[in-house]
Every structure is written in structure tokens, then in C-alpha cells.
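*Asks:* Position one of the sequence shown corresponds to residue 1 (the UniProt record's numbering), numbered consecutively onward.
Cβ coordinates follow ideal geometry from the N, Cα and C atoms, glycine included.
If you're wondering where the values come from, they're calculated on a predicted model, not measured in any experiment.
Before we start, here is the structure in question, set down as C-alpha cells.
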Amino acid sequence: MSNLGPMGGPQRMTTPTPPSGEAIGRYATYSEAQRAVDFLSDEHFPVQNVTIVGNGLQMVERVTGRLTYGRAAGAGAASGAWFGLLVGLMLSVFGGGGSGALLTGVLVGAGFGMLFGVISYALTGGRRDFTSSSQIVASEYTVLCLPQLAGQAREVLSRLPNGLGRGTGPDYSAPSGGSSQWGAPDPGARPGPWSAPTAPPPGAHLPPPQPGSAPAHQPPPPAGERPAEPEPVMDLSGPTYAEKVEEQRRARRAAEQQERDRVRDAE
1 MSNLGPMGGP
11 QRMTTPTPPS
21 GEAIGRYATY
31 SEAQRAVDFL
41 SDEHFPVQNV
51 TIVGNGLQMV
61 ERVTGRLTYG
71 RAAGAGAASG
81 AWFGLLVGLM
91 LSVFGGGGSG
101 ALLTGVLVGA
111 GFGMLFGVIS
121 YALTGGRRDF
131 TSSSQIVASE
141 YTVLCLPQLA
151 GQAREVLSRL
161 PNGLGRGTGP
171 DYSAPSGGSS
181 QWGAPDPGAR
191 PGPWSAPTAP
201 PPGAHLPPPQ
211 PGSAPAHQPP
221 PPAGERPAEP
231 EPVMDLSGPT
241 YAEKVEEQRR
251 ARRAAEQQER
261 DRVRDAE
């Protein structure tokens, strides 16, 4: 099974894939993100390498007013009049009816549209007495770019007032190999996963070791300071919870058996 394109030819099926790239700007509204991409285009930046991603999608329904029988009839008449205008125009052109057919089509369409609008509103039973419009909005818009062009894109956006928006933030980590120019390393790029580790700054808190990993080498304590005593190890040689429950169950059964034997001896 194949889909047909606009010209009737086969259209290639594309699989939706998540966006990839390095964040070059975060914006509160879509207009700000669009403004940033438009500025990149004006500066002759290859915008085909840029993607706008909406984060935190929400369906927003904006109430536009109260719905009554009059409003329902008016909306139905308007939509019916447009349909009647189309039918009347076709009759006047191909049927030779002239302007009379056009006016008749508009009036008949408005009448039927009004009738259908009132009937549809009556069938709701007053459960939806308002009109609204729905749209999908995002709480934040992020502009992504290929890692090798991210530095150049930030440099261009820095010339636009508030061009970087809220900045890239910690949500998107810059991949290794980022460059500010063609082939030039980006000074602000983070080291890749295969780069040599750097020594932590003095006074920095190191993360706890992962389970199963080799213990890190601890530096010797300063002169004149007593070494820290090792923490006491919890004794796990006692019975487990399941063994305690089983022991209590056996004791209860033995007590019940003794009670039955005592009653039998008394009889």
C-alpha cells in the first residue's frame, strides 16, 4: 500500500524521529523562536540545519462567548449561506439561472443552516452553553542546531537583542566536537565521553561511588589530624524476617495443639 503525492505519484513514507542537535536558544513563545530563526536566515546562516522543538505541549481551549439559540441560529445561517452561495453560483454559471438562482441558493442554504444549527444546539441539552476555540501550545520552545554549527549560530544570535532567549540551560548537553567555525573547535564545548578526565577543583564535593566500582584512592589525612574511624558494620548474621515469621507460626501451632490436648484430657 502506497500513498499518492500531490502530483499523483507515489509518496515516500517517513518515520517520525525525535529531534537531534545542540540547543542554541530557549524561548517562552513561538514568535520569539521564529524571530531567532528568521534572523539566522537574514544573516545567510544555513537554516536547514535548525529545528524548532516545542516542550511541554498543552491543549488550550479558549472560551470565546456564551452560546444561545440566537447565536446557534446565526452561526448555522452563516455557514449555510456560504454553501448555498457555492451551489447558486454553480447553477447560475452552468444552469443559466442568472442572479435569481444565486440569490435562491443563498437563502435556501441560510435557512437550512439555521435549522440545523438550532437542532444541534437543542440536542446538547444545555451541557455546552459556550463557544470556544482549541489549539496546541508549548510551555517552552527550543531551537536546535547541528553540533558543528552550534557555535556559529550562537555567535549570530548574540547580535540580536535577546537572541539567545533563556539560554541553552542544563536540559540539553552540548555533544563533543562542537565548533564555532568550520572545523575550528568551540572553546565553550564540553569534553566528550572519550576525553581525558580533568581534576576536580579544590573543595569540590565528589559524587558517591557507584555500586560494584573500585574504591577511589583516598588522600592521606593532614599532619596532626586523627584519621576517621571506620563506620560500624551492621550484623546480618541473625535470623531474617521470613525465618522469624515461620518461627512464630510454629509456636502458635504448638500452642493450639497443646490447647486441644488439654481439652481432650479434660473430657
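1. From D186 to E32, what does the alpha carbon distance come to, in whole angstroms?
2. Does R127 come out as helix, strand or coil in the three-state DSSP assignment?
3. What is the rounded straight-line gap between the Cα of V106 and the Cα of F112?
4. Excluding the five sequence neighbours on either side, which residues of its own chain have a C-beta within less than 6 angstroms of the C-beta of S43, listed in chain order?
5. Look at the Cβ atom of I52, then the Cβ atom of Y121, and state whether they are nearer than 7 angstroms.
6. Residue ranges of each beta strand (DSSP E) run of no fewer than 3 residues wholly in the UniProt domain "General stress protein 17M-like" (23-98), ordered along the chain?
7. Take G65 and list the residues in its own chain whose beta-carbon comes closer than 6 angstroms to its own, dropping the five residues that flank it on each side.
8. DSSP state of G113, grouped into three classes?
9. By the 10 Å Cβ neighbour count, where 16 or more other Cβ atoms means buried, how is V37 classified, buried or exposed?
10. Compare the C-alpha of G126 against each of Q58, E246, T68 and name the closest.
11. Does the separation of the CB atoms of A138 and N49 fall below 7 angstroms?
12. To the nearest angstrom, report how far apart Q135 and M59 are at their CA atoms.
13. In this structure, how does DSSP classify G105 when only helix, strand and coil are distinguished?
14. By the DSSP assignment, the alpha helix (DSSP H) with L157 in it spans what residues?
15. Taking the alpha carbon of L57 as the reference point, which residue from A78, W82, T29 has its own alpha carbon closest?
16. Give the straight-line distance between the Cα atoms of G177 and P147, rounded to the nearest whole angstrom.
17. In terms of alpha-carbon separation, which member of R250, P161, P18 lies closest to L40?
18. Compute the beta-carbon to beta-carbon distance between L91 and A101, rounded to the nearest angstrom, for a pair I have assumed lies under 8 angstroms.
19. Compare the beta carbon distance of S158 and R62 with 7 angstroms and say whether it is the shorter of the two.
20. What does DSSP give as the partner residues of Q135 in its beta bridges?
21. DSSP state of E246, grouped into three classes?
22. Can you tell me whether DSSP reads G165 as helix, strand or coil?
23. Ignore the nearest five residues each way along the sequence and tell me which others in G76's own chain have a CB closer than 8 angstroms to its CB.
24. My understanding is that A150 touches E22, with C-beta atoms under 8 angstroms, so please give their C-beta distance in whole angstroms.
25. Can you name the residues that DSSP bridges to Y141?
26. Work out the CA separation of R249 and D261 for me, nearest whole Å.
27. Label R252 either buried or exposed according to how many other C-beta atoms from any shown protein chain fall within 10 Å of its C-beta, with 16 as the threshold for buried.
28. Straight-line CA distance for A73 to G95?
*Replies:* Looking at the atomic coordinates:
1. Within the sequence shown, the letter at position 186 stands for residue 186. Within the sequence shown, the letter at position 32 stands for residue 32. For D186, the pLDDT reaches just 45, beneath the cut-off of 50, and the residue's location in the model is therefore unreliable, leaving the point undetermined.
2. Indexing the sequence shown from 1 puts residue 127 at position 127. Three-state DSSP puts R127 in coil, outside helix and strand.
3. Locating residue 106 in the sequence shown gives position 106, counting from the first residue. Locating residue 112 in the sequence shown gives position 112, counting from the first residue. So the two alpha carbons sit approximately 10 angstroms from each other.
4. Numbered from its first residue, the sequence shown carries residue 43 at position 43. Per the sequence shown, the amino acid found at residue 43 is Glu instead of Ser. Once the five neighbours on either side are set aside, the close Cβ partners of E43 are V156.
5. Position 52 of the sequence shown, counting from 1, holds the residue named residue 52. Position 121 of the sequence shown, counting from 1, holds the residue named residue 121. Here I52 is not near Y121, since their CB atoms are 7 angstroms or more apart.
6. 50-66
7. By one-based count along the sequence shown, residue 65 stands at place 65. Short of 6 angstroms from the beta carbon of G65, and not among the five residues preceding or following it, lie these beta carbons of its own chain, in chain order: T131.
8. Mapped onto the sequence shown, residue 113 falls at position 113. In this structure, G113 counts as helix in the three-state DSSP scheme.
9. Within the sequence shown, the letter at position 37 stands for residue 37. Taking all protein chains shown into account, V37 has 16 or more neighbouring C-beta atoms within 10 Å of its C-beta and is therefore buried.
10. Sequence index remark: in the sequence shown, residue 126 carries index 126 (1-based). Closest option to G126, judged by alpha-carbon separation, among Q58, E246, T68: T68.
11. What you label residue 138 is simply residue 138 of the sequence shown in a count that begins at 1. What you label residue 49 is simply residue 49 of the sequence shown in a count that begins at 1. Taking 7 angstroms as the Cβ cut-off, A138 and N49 do not qualify as a contacting pair.
12. Within the sequence shown, residue 135 is the residue found at index 135, counting from 1. Within the sequence shown, residue 59 is the residue found at index 59, counting from 1. The straight-line gap from Cα to Cα measures roughly 6 angstroms.
13. Along the sequence shown, one-based indexing puts residue 105 at 105. It is helical.
14. Translated into the one-based positions of the sequence shown, residue 157 becomes position 157. Unbroken alpha helix (DSSP H) run through L157: 147-157.
15. Residue mapping note: residue 57 aligns to position 57 of the sequence shown, counting from 1. It is T29 whose Cα lies nearest to the Cα of L57.
16. By 1-based counting over the sequence shown, the position of residue 177 is 177. By 1-based counting over the sequence shown, the position of residue 147 is 147. At G177, the pLDDT of 38 sits below 50, so the modelled position is not reliable; the number obtained from the coordinates is stated separately. If you take the alpha carbons of G177 and P147, they lie about 7 angstroms apart.
17. For the purposes of this step, residue 40 is taken as the residue at position 40 of the sequence shown. Here the closest residue by C-alpha is P161.
18. Counting from one through the sequence shown, the residue named residue 91 turns up at place 91. Counting from one through the sequence shown, the residue named residue 101 turns up at place 101. Yes, L91 and A101 are in contact; Cβ-Cβ is about 4 angstroms, under 8 angstroms.
19. Position 158 of the sequence shown, counted from the start, is the residue given in the question as residue 158. Position 62 of the sequence shown, counted from the start, is the residue given in the question as residue 62. R62 sits away from S158, with the two beta carbons spaced by 7 angstroms or more.
20. As a first step, residue 135 is located in the sequence shown; it is residue number 135 there, counting from the start. Note: Q135 sits in a beta bridge opposite V60.
21. Taking the sequence shown and counting its residues from 1, the one referred to as residue 246 is at position 246. E246: helix per DSSP, three-state reduction.
22. For the purposes of this step, residue 165 is taken as the residue at position 165 of the sequence shown. DSSP places G165 in strand when its eight states are reduced to three.
23. The residue labelled residue 76 in the question sits at position 76 within the sequence shown. Taken in chain order, the residues that qualify are G113, M114, L115, F116, G117, V118, S120.
24. What you label residue 150 is simply residue 150 of the sequence shown in a count that begins at 1. What you label residue 22 is simply residue 22 of the sequence shown in a count that begins at 1. Contact flag correct, Cβ pair sits at about 4 angstroms.
25. Indexing the sequence shown from 1 puts residue 141 at position 141. Answer is Y27, G54.
26. Taking the sequence shown and counting its residues from 1, one reaches residue 261 at position 261. Taking the sequence shown and counting its residues from 1, one reaches residue 249 at position 249. Answer to the nearest angstrom: the Cα atoms are 18 angstroms apart.
27. Looking up residue 252 in the sequence shown gives position 252. It is exposed - the Cβ of R252 has fewer than 16 other Cβ atoms within 10 Å.
28. As a position in the sequence shown, residue 73 is number 73, starting the count at 1. As a position in the sequence shown, residue 95 is number 95, starting the count at 1. The straight-line gap from Cα to Cα measures roughly 30 angstroms.
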